[in-house]
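Participant: Sharing a structure below in structure tokens format, with a few things to ask.
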Amino acid sequence: MKRKTFFIVSFFLGCTLFLTFLCFCREKQESGTPRESTSAAARKISEEEAARFAKTLEENLQNGNSAFFIRAIDWSSLTDRVLAGIPDEMQGNRFDRRYLIHLFSEKGGIAQSVAEKVKEGGTYRFLRVRRIDEQTVAATFRLVDTQGGLDYHDLYLQRQGERLIQIHEFYLYHFDETFSETLRRTLVPDLYVDGKDDYGMMMSQRILLLFKENQLLIQEFSKAVEEKNAETALYLFSRLPIELQDQKTFQFWYLKAAQAHSDPNIYAFAIAELREKYLKESWIDFLSLDYFFNHREFQQALECVDRIDERVGGDPYLENFRCWAFLNLRQFEKAEEHFQKGLKLEPELIRDKSFQSLKYRLENLPKGPFQKTAPDAAPQTAPTPEPPVKPAPANPFDLAK
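Next up, the structure:
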């Protein structure tokens, strides 16, 4: 009897569960669209939420806590974008995804690099947010290190689950590309130096072939740049095929070698050459800014600042560069105007070392209006420099020299 009762109870329990399952399926079928919409709405991040997240990140870095930044990065998603375009059958054990995730996130990766600059006295300032698409909001940050180095980052924020907000990509203005593109680009030469060619799948067949054919040359070029053997590095760069010379990684190596050369005309030509080819790209303005100030080409420096300002959507910190340029051009009223404009838009800038130096300079200008000391004098401007002449690359291996 007990056995029979057990089977009856089991039968009815099974029927009940089955009917419940059918009702659930029917309900899901009839209301599938609203459920999907609700799920999509739950994943959507608002601009207000993104701004709160960005401010929290900024505060954590100011307080010396880099862990928040490191944990906020979706390293898995970032690695997937680096690997995008490589067929699955090509990845295998040689292209271990888990190893790359570890490689990119090791010791905190880009987040720890930013945190160290802030710890040394730099700043990582949240500026604004803007919507990229339905699921993504970009938070723009300004990075200034203790040496005055300037960069801007867009942190692409998405919601993971109900509450978690994560950074699934960066846009680096200094390189004018996403962080995943930077990782991919910088890994290509290293992998070829090591005799690996997996990353070639991301490139055209022509470039892939050139990398294979020039492995030893690339290896020697890399070594010369790192050792600051400028003459050798520049010669090896001139030996690369034009298609490889146009790769951004090698252009950065080329500039680094030119800057290390004892002849300043070498660097002058390198800057002029790349500006002519890539004037519309923001990375060349970032690289040119210091050069123009150091060589007292202040009008061109101001034009660089204007383009950077427009590119990043406006930033009061850039008034610092304008002020220094007008001071050197002896247009003191304009210098004061831009100094005050920067502080009005962002009062906290008065704590910045560059703004403090500007404040001292402006307070110690010659007394009285500049025009009274030279009533008929036009505002001074820096002379227009002659276009640099391309130097012939010397062969450091030529024993007959």
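Residue numbers (this note's numbering): 9 to 409. For glycine and all other residues, C-beta sits at the position ideal for the given N, C-alpha and C.
Could you have a look at residue 134 and say whether DSSP puts it in helix, strand or coil?
Facilitator: As a working note, residue 134 is residue 126 in the sequence shown. Residue 134: strand per DSSP, three-state reduction.
Participant: So, with DSSP's three-state summary, where would you put residue 86?
Facilitator: Position 78 of the sequence shown, counting from 1, holds the residue named residue 86. Three-state DSSP puts residue 86 in a helix.
Participant: I'd like to check one pair, residue 128 with residue 144: are the Cβ atoms closer than 8 Å?
Facilitator: Here the question's residue 144 lines up with position 136 in the sequence shown. Here the question's residue 128 lines up with position 120 in the sequence shown. Contact: no.
Participant: Please state whether the Cβ-Cβ distance between residue 167 and residue 79 is less than 8 Å.
Facilitator: Position 159 of the sequence shown holds residue 167. Position 71 of the sequence shown holds residue 79. The answer is no: Cβ separation not under 8 Å.
Participant: Residues in its own chain within less than 7 Å of residue 110 by CB, not counting five upstream and five downstream?
Facilitator: Taking the first residue of the sequence shown as 1, we reach residue 110 at position 102. If we look at residue 110 and ignore the five residues flanking it on each side, it has no Cβ neighbours.
Participant: So residue 160 is in the beta strand (DSSP E); what residue range does that whole segment cover?
Facilitator: Position 152 of the sequence shown, counting from 1, holds the residue named residue 160. Counting along the chain, the beta strand (DSSP E) containing residue 160 begins and ends at 158-168.
Participant: Does DSSP classify residue 181 as helix, strand or coil?
Facilitator: To locate residue 181, count along the sequence shown from 1; it is residue 173. The answer is coil: DSSP assigns residue 181 none of H, G, I, E or B.
Participant: What does a CB cutoff of less than 6 Å around residue 282 pick up in its chain, not counting 5 residues either side in sequence?
Facilitator: In the sequence shown, counting from the first residue as 1, residue 282 sits at position 274. 292, listed in sequence order.
Participant: Using three-state DSSP, classify residue 147 as helix, strand or coil.
Facilitator: Along the sequence shown, read from residue 1 onward, the residue named residue 147 stands at position 139. It is a strand residue.
Participant: Between residue 294 and residue 274, is the Cβ-Cβ spacing less than 8 Å?
Facilitator: As a first step, residue 294 is located in the sequence shown; it is residue number 286 there, counting from the start. As a first step, residue 274 is located in the sequence shown; it is residue number 266 there, counting from the start. No, these two residues do not count as a Cβ contact at 8 Å.
Participant: For the alpha helix (DSSP H) holding residue 223, just list the boundary residues, first then last.
Facilitator: Start at 1 with the first residue of the sequence shown, and residue 223 comes out as number 215. Where residue 223 is concerned, the enclosing alpha helix (DSSP H) stretches over 223-234.
Participant: What are the uninterrupted segments assigned as beta strand (DSSP E) that are 3 or more residues long and contained completely in the segment 323-371, given in chain order?
Facilitator: Qualifying beta strand (DSSP E) stretches: none in this window.
Participant: Which residues in the same chain have their Cβ closer than 7 Å to the Cβ of residue 184, if we skip the five residues on either side of it in sequence?
Facilitator: The residue you call residue 184 lines up with position 176 of the sequence shown. For residue 184, where only same-chain residues beyond five positions count, the Cβ hits under 7 Å are 289, 290, 291.
Participant: Where DSSP assigns a beta bridge to residue 91, which residues make up the other side?
Facilitator: Here residue 91 is taken as the residue at index 83 of the sequence shown, counted from 1. Residue 91 pairs with nothing; no bridge assigned.
Participant: State the DSSP-derived secondary structure class of residue 253, mapped to helix, strand or coil.
Facilitator: On the sequence shown, position 245 is the one that residue 253 refers to. Helix.
Participant: Excluding the 5 residues flanking residue 264 on each side, which residues of the same chain have their C-beta closer than 7 Å to its C-beta?
Facilitator: In the sequence shown, residue 264 corresponds to position 256, counting from 1. So the list reads 233, once near-sequence residues are dropped.
Participant: Report the rounded CA-to-CA distance for residue 90 versus residue 254, giving the unit in angstroms.
Facilitator: Locating residue 90 in the sequence shown gives position 82, where the first residue counts as 1. Locating residue 254 in the sequence shown gives position 246, where the first residue counts as 1. For residue 90 and residue 254, the distance between alpha carbons rounds to 21 Å.
Participant: Let me make sure I understand the geometry here. Which of 124, 86, 174 has the alpha-carbon closest to that of residue 73?
Facilitator: Position 65 of the sequence shown, counted from the start, is the residue given in the question as residue 73. Cα-wise, what sits closest to residue 73 is 124.
Participant: Counting Cβ pairs closer than 8 Å, one from the segment 222-231 and one from the segment 114-121, do we hit at least three?
Facilitator: The segment 222-231 vs the segment 114-121: no contact.
Participant: List the whole-angstrom C-beta distance separating residue 76 from residue 173, where the pair is believed to meet the contact cut-off of C-beta under 8 Å.
Facilitator: By one-based count along the sequence shown, residue 76 stands at place 68. By one-based count along the sequence shown, residue 173 stands at place 165. Not a contact, Cβ separation roughly 11 Å.
Participant: Rounding to the nearest angstrom, what Cα-Cα distance links residue 276 and residue 352 in this structure?
Facilitator: Translated into the one-based positions of the sequence shown, residue 276 becomes position 268. Translated into the one-based positions of the sequence shown, residue 352 becomes position 344. For residue 276 and residue 352, the distance between alpha carbons rounds to 36 Å.
Participant: For residue 270, which residues of its own chain have a beta-carbon under 6 Å away from its beta-carbon, when the five flanking residues on both sides are left out?
Facilitator: Residue 270 sits at position 262 when you count from the first residue of the sequence shown. For residue 270, where only same-chain residues beyond five positions count, there are no Cβ hits under 6 Å.
Participant: What three-state label does DSSP hand residue 319 in the structure shown?
Facilitator: Sequence index remark: in the sequence shown, residue 319 carries index 311 (1-based). If DSSP states are grouped into helix, strand and coil, residue 319 belongs with the helices.
Participant: Between residue 327 and residue 350, how many whole angstroms is the CB-CB distance? I'm expecting something under 8 Å.
Facilitator: Stepping through the sequence shown from its first residue, residue 327 is reached at position 319. Stepping through the sequence shown from its first residue, residue 350 is reached at position 342. Yes, they are in contact, since the Cβ atoms of residue 327 and residue 350 sit about 3 Å apart, within 8 Å.
Participant: Could you pull out every residue in the same chain whose Cβ sits closer than 6 Å to the Cβ of residue 108, ignoring the five residues on either side in sequence?
Facilitator: Working through the sequence shown from its first residue, we reach residue 108 at position 100. Within the same chain, residue 108 has close Cβ partners 87.
Participant: If we ignore side chains and look at the alpha-carbon of each, how far apart do residue 164 and residue 373 end up?
Facilitator: Taking the sequence shown and counting its residues from 1, the one referred to as residue 164 is at position 156. Taking the sequence shown and counting its residues from 1, the one referred to as residue 373 is at position 365. Distance between the alpha carbons of residue 164 and residue 373: 45 Å.
Participant: If you reduce the DSSP assignment to three classes, tell me which class residue 287 lands in.
Facilitator: One-based indexing of the sequence shown puts residue 287 at position 279. Residue state, collapsed to three classes: coil.
Participant: Residue 110 lies in the alpha helix (DSSP H); which residues open and close that run?
Facilitator: Reading the sequence shown from its first residue, position 102 is the one you call residue 110. Segment 105-113, the alpha helix (DSSP H) holding residue 110.
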